[in-house]
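Its first residue numbered 169, the sequence shown is counted upward by one per residue in our numbering.
To keep things clear, I will list the structure first and then write my remarks on it.
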Amino acid sequence: MGEASHGVGRTGVLVRVPNWLGDAVMATCVLRAVRAGVPGARIAVAARPKFVELFAGLPSMDEFIPLAGESLLGAFTLGRSRRGAFDLALVLPNSLRSALMPFAARARRRIGYRGQGRAILLTDRLSPPGAGRGRRTPEPMPRYWRRIVEAAGIPWQGDAPELRVTDEERELAAAKARVFGLGGGERLIGISPGAAFGPSKRWVTERFAEAAALLHRATGMRAIVFLAPGEEALGEEIVRVARSPIISTAAEVLSIGLLKAFMTRCALLLSTDSGTRHIGVALGTPVVTVMGPTDPRYTAYCLERQRVIAREVPCGPCHLRDCPTDHRCMMEIQAGEVAAAGLELLGR
169 MGEASHGVGR TGVLVRVPNW LGDAVMATCV LRAVRAGVPG ARIAVAARPK FVELFAGLPS
229 MDEFIPLAGE SLLGAFTLGR SRRGAFDLAL VLPNSLRSAL MPFAARARRR IGYRGQGRAI
289 LLTDRLSPPG AGRGRRTPEP MPRYWRRIVE AAGIPWQGDA PELRVTDEER ELAAAKARVF
349 GLGGGERLIG ISPGAAFGPS KRWVTERFAE AAALLHRATG MRAIVFLAPG EEALGEEIVR
409 VARSPIISTA AEVLSIGLLK AFMTRCALLL STDSGTRHIG VALGTPVVTV MGPTDPRYTA
469 YCLERQRVIA REVPCGPCHL RDCPTDHRCM MEIQAGEVAA AGLELLGR
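Written out as C-alpha cells, the structure is:
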C-alpha cells in the first residue's frame, strides 16, 4: 500500500509507546508494521528516557523522543516543541497524557482508543473490544494495537516483537562477562525474579534456586540472575539458598543494553511476568514464565517458544499489586514443574 493511500507523508510518524517495559517491547511490532507499510517515513518513538537503550539499533526507528516527566504540562510542552513534525501519530497507551503530546504537536492524524476523557485529543477514536459491556475483553496486546495500525491503513506485519543488540552493547557485555568469569561461548540459564508491578507477581526465591539446580543437573549450565534497580535483595537471596552455580548481578544491576546482550547468551530464561520476559521473547530466547495475579490472555503471543505456568484459583486473576490472602496462585507452582517446562523447550 503506497503512502498516498493512507495519507501519510514523509514528514514523520510518531509512535507513543507504553510506559511499562514489557509493553514497550511488545510495541515494537507496531514499529515494524509502520516501517514496512510507510516506505520513506521518518519514524519517531516517544517513550520513557530509560528506554533509549531498549530501542537502540532498531531499523524501524529513526528518532527517540524522551518523555518529559509525568505531568500533563510536560506532555503538552514537549508536543509544542515538535509542532508540525508529524503527519500521523499512533497512540498505544490509553491515558489522557499519552494523547496530549501528539495533540500539542498538531499531528494531522492521531489514532488511539477512546476513554479517559481524551476523545477530543484524537482524530480517529477506536472503541476497545468489549467496551459496550462495560469491561474491555482481555486479548494479547499486539492484537489490541493492531486495530490502531490498520485504522491508519497500514498492513499488519505480525505480532512478534523485535530488539537489536548494538556493537557497543556486545563489547560492554563481553567485558562484563570476563568479570563474571564466563567463557566466550558459555551458555546460561537466565533467572528474572522481580516484577516492577508489585510483590504479587513474584515467585518464591527458593523455588527459582531449586529450578536452577534441577536444570544445572540436567544440562551443566550455570544460571545468571537478572535484576532491576531495587531488586538486589532478591538476587542475593537466590544466590544464598542456591544449590548450583549462580551468577548474581546484585552488586551492579545491568543496564537495559547489557541485559539485551546477556540475554543472547541465555539458552533459556525463567521469569515472572515481567519486562525481562518480553526482552527474552524478542531476542529469541525460550522463556518459562511463572504467571500469578495477571490474566495470561494479555500476553498470549509468540507462544511457540514459551511455556506459561499458571494456576486457576477462585480469586484470580485479581491484578492486585499485593495479595490480600495466601498468594496461592504462585505458591501452588513448584520448581520441578518449571524445570520440566524448561527442559522441554531445550529439547531435553
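Backbone N, C-alpha and C define an ideal beta-carbon position, used for all residues, glycine too.
Because the structure is a prediction, the values reported are computed rather than measured.
query	result
Kindly list the residues whose CB is nearer than 6 Å to the CB of Ala257, restricted to its own chain and excluding five residues on each side of it in sequence; keep chain order.	Leu182, Pro270, Ala275, Arg278
Would you report the Cα separation of Gln284 and Glu500, rounded to the nearest angstrom?	37 Å
Is the beta carbon of Gly366 less than 7 Å from the beta carbon of Asp490?	yes
Between the alpha carbons of Arg293 and Arg314, how many angstroms are there, rounded?	14 Å
Could you confirm whether any beta carbon from chain B is found closer than 7 Å to the beta carbon of Gly452?	Among the chains in the structure shown there is no chain B, since it carries only a single protein chain.
Helix, strand or coil for Tyr281, going by three-state DSSP, please let me know.	strand
Could you check how far apart the C-beta atoms of Ser520 and Leu437 are, in whole angstroms? I think they sit under 8 Å.	Not covered by the structure: residue 520. The range shown for the chain is 169 to 516.
Just the C-alpha distance for Gly205 and Ala319, rounded to the nearest angstrom, thanks.	13 Å
Can you check which of these residues, Gln474, Pro461, Arg496, Lys428, is closest to Val193 by C-alpha distance?	Lys428
Am I right that Leu240 and Arg184 are in contact with their C-beta atoms under 8 Å? What's the rounded C-beta distance?	Contact doesn't hold; Cβ gap of about 14 Å is too wide.
Would you say Gly504 and Cys434 are within 7 Å of each other, going by their C-beta atoms?	no
Val476 bridges to which residues according to DSSP?	Thr457
Ignore the nearest five residues each way along the sequence and tell me which others in Arg465's own chain have a CB closer than 8 Å to its CB.	Pro306, Glu307, Pro308
Going by the DSSP bridge assignment, what does Ser416 pair with across the sheet?	Val393
Using the three-state DSSP reduction, which class does Asp335 fall into: helix, strand or coil?	helix
Whole beta strand (DSSP E) runs in the stretch 201-255 with 3 or more residues, listed along the chain?	211-215, 231-234
Taking just the CA atoms, how far does Val458 sit from Ser416?	20 Å
Which first and last residues belong to the alpha helix (DSSP H) in which Ala380 is found?	373-387
Taking all protein chains shown into account, do 16 or more other C-beta atoms lie within 10 angstroms of the C-beta of Gly180, making it buried, or fewer, making it exposed?	buried
Express the C-alpha separation of Ser412 and Thr387 in angstroms, rounding to a whole number.	12 Å
Ordered along the chain, which non-local residues of its own chain (more than five positions away) have a Cβ less than 8 Å from that of Glu404?	Ser416, Ala418
Give me the Cα-Cα distance between Glu354 and Ile477, rounded to the nearest whole angstrom.	27 Å
Among all the DSSP beta bridges, which residues are the ones paired with Val259?	Arg184
CB-CB under 6 Å to Tyr469, same chain, minus the five flanking residues each way: which ones, in chain order?	Pro308, Pro310, Asp327
What are the start and end residues of the beta strand (DSSP E) that includes Ala435?	434-440
What did DSSP end up calling Val193 once you bin it into helix, strand or coil?	helix
Under DSSP, the beta strand (DSSP E) around Leu356 begins and ends at which residues?	356-360
Are the beta-carbon atoms of Met498 and Trp371 separated by less than 7 Å?	yes
Is Leu294 helix, strand or coil when you go by DSSP?	strand
Look at Ile211 and Asp191 and say whether their C-beta atoms are less than 7 Å apart.	no
With DSSP as the reference, label Val421 as helix, strand or coil.	coil
Please classify Arg203: is it buried, with 16 or more other beta-carbons within 10 angstroms of its beta-carbon, or exposed?	buried
Ile406 and Phe430 look like a contact to me (Cβ under 8 Å); what is the Cβ gap, rounded to whole Å?	No, Ile406 and Phe430 are not in contact; Cβ-Cβ is about 16 Å, not under 8 Å.
Between Arg375 and Glu472, what straight-line distance do the alpha-carbon atoms span, to the nearest angstrom?	25 Å
By the DSSP assignment, the alpha helix (DSSP H) with Phe271 in it spans what residues?	264-272
Would you call the CB atoms of Val449 and Ala509 closer than 7 Å?	no
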